Amino acid sequence: MEEKHHLAISWTLGFHLLSAYLITAMLNLLMYPELNLLTDLDNQLSLLSYLSRVVLIFLLLLAWEINFAKSDVRVTTFSFVLVIFTFLTAWQSTSAFIIIGLFFVLTTYYAYLFFNKITGQKTVLVGSLFIFVQIVYKMFVSHQSGIDQEFIVVFNSMDKTLLVLFILSIILAFFLTHSSNLAKFKLWARPTRLWGLLIVALLIYASTAGVWLIARVLVYASPTYDMGIFSQMFANMSKGLGPITSLERGEILSHFAVHLSPIHYLILPIYWLLPSPQTIQAAQVLVVMSGLIPLYLILTKLKWNSKLRMVFLLLYLWMPSLTSGQFYDYHENCFLAPLVLWLIYANLCQSPWKMVLASLLLLAVKEDAVIYVVCIGFYFLMQHQWPQSNESKRAIIICQIVLPISYFIGAVFWLSHFGTGAMTGRFANFMLPDQEGLVYAAINAIKNPFYTLASIFTYDKIKYLLVIFASQAFLPLMQSSWRTYLLLIPLFVINLVSDWPYQVDLFKQYHFGTSTLILFMSIITIENWQKHRRNIFLNKWFSYDQLAKFLVTLAFLVSISFFAALVGPRKYDYQAYQNNPEFYQSIQKTLDQIPRNSKVVTVSPYTTPLSTISELYDLFYHNNREVDSTIDYVVFNRPILEGQSEEKQVIEKYFAAGYTESELSSPEVVVLKH
Numbered sequence: 008m009e010e011k012h013h014l015a016i017s018w019t020l021g022f023h024l025l026s027a028y029l030i031t032a033m034l035n036l037l038m039y040p041e042l043n044l045l046t047d048l049d050n051q052l053s054l055l056s057y058l059s060r061v062v063l064i065f066l067l068l069l070a071w072e073i074n075f076a077k078s079d080v081r082v083t084t085f086s087f088v089l090v091i092f093t094f095l096t097a098w099q100s101t102s103a104f105i106i107i108g109l110f111f112v113l114t115t116y117y118a119y120l121f122f123n124k125i126t127g128q129k130t131v132l133v134g135s136l137f138i139f140v141q142i143v144y145k146m147f148v149s150h151q152s153g154i155d156q157e158f159i160v161v162f163n164s165m166d167k168t169l170l171v172l173f174i175l176s177i178i179l180a181f182f183l184t185h186s187s188n189l190a191k192f193k194l195w196a197r198p199t200r201l202w203g204l205l206i207v208a209l210l211i212y213a214s215t216a217g218v219w220l221i222a223r224v225l226v227y228a229s230p231t232y233d234m235g236i237f238s239q240m241f242a243n244m245s246k247g248l249g250p251i252t253s254l255e256r257g258e259i260l261s262h263f264a265v266h267l268s269p270i271h272y273l274i275l276p277i278y279w280l281l282p283s284p285q286t287i288q289a290a291q292v293l294v295v296m297s298g299l300i301p302l303y304l305i306l307t308k309l310k311w312n313s314k315l316r317m318v319f320l321l322l323y324l325w326m327p328s329l330t331s332g333q334f335y336d337y338h339e340n341c342f343l344a345p346l347v348l349w350l351i352y353a354n355l356c357q358s359p360w361k362m363v364l365a366s367l368l369l370l371a372v373k374e375d376a377v378i379y380v381v382c383i384g385f386y387f388l389m390q391h392q393w394p395q396s397n398e399s400k401r402a403i404i405i406c407q408i409v410l411p412i413s414y415f416i417g418a419v420f421w422l423s424h425f426g427t428g429a430m431t432g433r434f435a436n437f438m439l440p441d442q443e444g445l446v447y448a449a450i451n452a453i454k455n456p457f458y459t460l461a462s463i464f465t466y467d468k469i470k471y472l473l474v475i476f477a478s479q480a481f482l483p484l485m486q487s488s489w490r491t492y493l494l495l496i497p498l499f500v501i502n503l504v505s506d507w508p509y510q511v512d513l514f515k516q517y518h519f520g521t522s523t524l525i526l527f528m529s530i531i532t533i534e535n536w537q538k539h540r541r542n543i544f545l546n547k548w549f550s551y552d553q554l555a556k557f558l559v560t561l562a563f564l565v566s567i568s569f570f571a572a573l574v575g576p577r578k579y580d581y582q583a584y585q586n587n588p589e590f591y592q593s594i595q596k597t598l599d600q601i602p603r604n605s606k607v608v609t610v611s612p613y614t615t616p617l618s619t620i621s622e623l624y625d626l627f628y629h630n631n632r633e634v635d636s637t638i639d640y641v642v643f644n645r646p647i648l649e650g651q652s653e654e655k656q657v658i659e660k661y662f663a664a665g666y667t668e669s670e671l672s673s674p675e676v677v678v679l680k681h
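In case it helps, the working numbering puts the sequence shown at residues 8 to 681.
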């Protein structure tokens, strides 16, 4: 009874606080009509003044509920305020994608109300329908003139392919789960056959992702950032020099001056055995695949049947973003996928020593990994699905909240005073000209919800969200507890808030942690539905059990089809090498002749194969593209001389400074010496 009382209080405070925040934002919009709060940061109101208004409105709402003495007032009020807020934002917006984002917000909230049978569903449903009409109008009726480039609708062939695949997957999933074929599959899907299917899937995955990534190195498709940097770093680590690189900032320094990532040492023994850039490419694939182990332990801990466990293991393996993120070569972020799962498993086990170990390993990936540790910690501390003992709660507070936050503060201090500084520039879109630092970015994001929404819901980010959530059949958004949405915080902070385009590029390395958390949210949804098999509409076709079967089947079909569509075309590097191996081998033969104790500047494609040279520099970034007379060799591919690139302009400066072509040159590679 006491727990329910505390829960009711937290609901009251939470809903009214959110309502007060949204009302304050709307008042701000009306009070400053001369500002376009969707595209401009508001600096006219201090944070203290803004929060004062929020508190005042919060107290008024609280008094309103006490006066009516009805528990449903809080939800009804928030539902009404949220709908008005979305209406006002949609009215102010010229972009269909901001409105699509609002539609996502409303439908997610509607799902929360629906699965919890809470009042306010009709209000939110009407609001969602209105917003949907707005989307149709903006995309197909209204013209797009005067809209910023990032909001313009431009569907490419891949977008259309993914849409068709999603629709076909829905039809096929419905057919499979509502016909005799399901019964036939149950007879066929024996545990031994399912394990055989997983082994075949692992072999296919390793032989495609692994081989194709290695092929990137063989055809010189791996650039300086980041493969050249990490290849040189591992070469120096294997010599006992530590994580030293000259490529990262155009000078000799430790990689730990840029990112605190001691996790690299875990795969150093493998590199010692096979010292090659190809080794760390293959190691990355193995690291990501190793996430199957903690995932299997999690599903076993939840006592799921073998068939459902196997489906989710395959979902992890074929989740598009977990594989596509590897195709910009090796990066320490690959460790996030398995380590996030190990930390989740440690919390489910309520084992303090496992929490400590998993937290430390996760923090060792990179300084910003703190956000995963803290969010997982807060989730398990606040959730009620797996009640935690007092000892476990203390361990969570210490290992996953206090320790990570303290570490992050220390890491930022270290990087600011002894390194190259924390990489806060990626949040520059939330900083005014005279501001610098994450604190200012956070304050501005809180003060400017309209601007924040406009920053999150751009064309590329909406596409990214659709691929991520569609591959999970939108299961992560169907939660019965608001606490689960805490696990989405890393997605917003790491991928969506920044205007750095690579954060939402599926073929970059920023999705390992967030994608894994989204997969776990799908697990939470299914786990909750398994515990509550009551009917939704008192109809056997719409029971939780039927809904779970349909959506899990859909998630599997969408994941594997999206994987094939997105990752399949990436075989071109492998095909290029197979079609002309002699060409690439001759280039490597030339590069191997360059003395390893020399000082070399080269083009981006050659930094990876030349990474065993300790003093190696990228031609484009070194010495502000001016001649460095201490350089022994300038190495580049001969076709550069035929173009008009900036690299060619730098090369011409070296020619003018007296550098001449040496006997080390070949028909494919030019080697200049001083």
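Every residue, glycine too, gets a C-beta built ideally from N, C-alpha and C. Just so we're clear, the structure is a prediction, and the values are computed from it rather than from any experiment.
With H, G and I counted as helix, E and B as strand and the rest as coil, what does DSSP make of residue i?
{"i": "VAL678", "result": "strand"}
{"i": "THR101", "result": "coil"}
{"i": "ASP625", "result": "strand"}
{"i": "PHE334", "result": "helix"}
{"i": "GLN656", "result": "helix"}
{"i": "ASP635", "result": "coil"}
{"i": "PHE92", "result": "helix"}
{"i": "GLN357", "result": "coil"}
{"i": "GLU443", "result": "coil"}
{"i": "ALA371", "result": "coil"}
{"i": "LEU20", "result": "helix"}
{"i": "TYR323", "result": "helix"}
{"i": "ILE142", "result": "helix"}
{"i": "TRP202", "result": "helix"}
{"i": "MET165", "result": "helix"}
{"i": "VAL226", "result": "coil"}
Quick one: what's got a C-beta closer than 6 angstroms to residue i's C-beta in the same chain, skipping five residues either side?
{"i": "ILE531", "result": "THR491"}
{"i": "ALA353", "result": "LYS361, MET362, ALA365"}
{"i": "LEU293", "result": "none"}
{"i": "LEU24", "result": "PHE65"}
{"i": "ILE638", "result": "LYS606, VAL608"}
{"i": "GLY426", "result": "ALA264"}
{"i": "TRP279", "result": "SER245"}
{"i": "ALA222", "result": "ASP580, TYR581, TYR584"}
{"i": "SER229", "result": "ARG223, ASP336, THR615"}
{"i": "LEU299", "result": "LEU320"}
{"i": "LEU445", "result": "THR431"}
{"i": "MET438", "result": "TYR447, ALA448"}
{"i": "CYS406", "result": "MET362, VAL363, SER366"}
{"i": "GLN390", "result": "ARG490"}
{"i": "LEU671", "result": "GLN600, VAL678"}
{"i": "TYR39", "result": "none"}
Taking residue i and residue j to be in contact with their CB atoms under 8 angstroms, please state how far apart those CB atoms are, rounded to whole angstroms.
{"i": "PHE342", "j": "ILE270", "result": "5 angstroms"}
{"i": "TYR458", "j": "ASP47", "result": "7 angstroms"}
{"i": "VAL677", "j": "PHE643", "result": "6 angstroms"}
{"i": "ILE501", "j": "ILE378", "result": "7 angstroms"}
{"i": "LEU54", "j": "ILE450", "result": "5 angstroms"}
{"i": "VAL511", "j": "TYR466", "result": "Their Cβ separation, rounded to whole angstroms, is 10 angstroms, which puts VAL511 and TYR466 out of contact at 8 angstroms."}
{"i": "ILE351", "j": "PHE385", "result": "With a Cβ gap of about 13 angstroms, ILE351 and PHE385 do not count as contacting."}
{"i": "GLU675", "j": "ILE594", "result": "5 angstroms"}
According to DSSP, which residues form a beta bridge with residue i?
{"i": "ILE251", "result": "SER261"}
{"i": "VAL641", "result": "VAL608, LEU679"}
{"i": "ASP47", "result": "DSSP lists no partner for ASP47."}
{"i": "THR667", "result": "LYS680"}
Verify the contact flag: residue i, CB atom, against every heavy atom of the ligand SAM, threshold strictly below 7 angstroms.
{"i": "LEU368", "result": "No copy of the ligand SAM appears in this structure; indeed no ligand is present at all."}
Once the 5 residues before and after residue i are set aside, which same chain residues still bring their CB inside 7 angstroms of it?
{"i": "TYR337", "result": "MET234, PHE237, ILE287, GLN288, GLN291"}
{"i": "PHE87", "result": "THR130"}
{"i": "ILE106", "result": "ALA97, SER100, ILE138, GLN141, ILE142, LYS145"}
{"i": "PHE569", "result": "LEU169, LEU172, PRO327, VAL474, SER478"}
{"i": "LEU3", "result": "Past the edges of the chain, shown from 8 to 681, lies residue 3, and the structure says nothing about it."}
{"i": "PHE110", "result": "SER135, ILE138, PHE139, ILE142"}
{"i": "PHE104", "result": "PHE158, PHE464, THR465, TYR466, ILE469"}
Which residues in the same chain as residue i place their Cβ atom closer than 8 angstroms to its Cβ, once the five residues preceding and following it in sequence are excluded?
{"i": "PHE476", "result": "PRO483, LEU484, ILE525"}
{"i": "SER505", "result": "ARG433, PHE434, ASN436"}
{"i": "LYS11", "result": "Below a pLDDT of 50, predicted positions are generally treated as unreliable, and LYS11, at 44, falls in that range; no measurement from the model is reported."}
Open item on the list: I'd like the ranges of any beta strand (DSSP E) spanning at least 3 consecutive residues and lying wholly in the region 384-435.
Closed with: none
Task: beta strand (DSSP E) runs contained entirely in the region 473-559, provided each spans 3 or more residues - done: none
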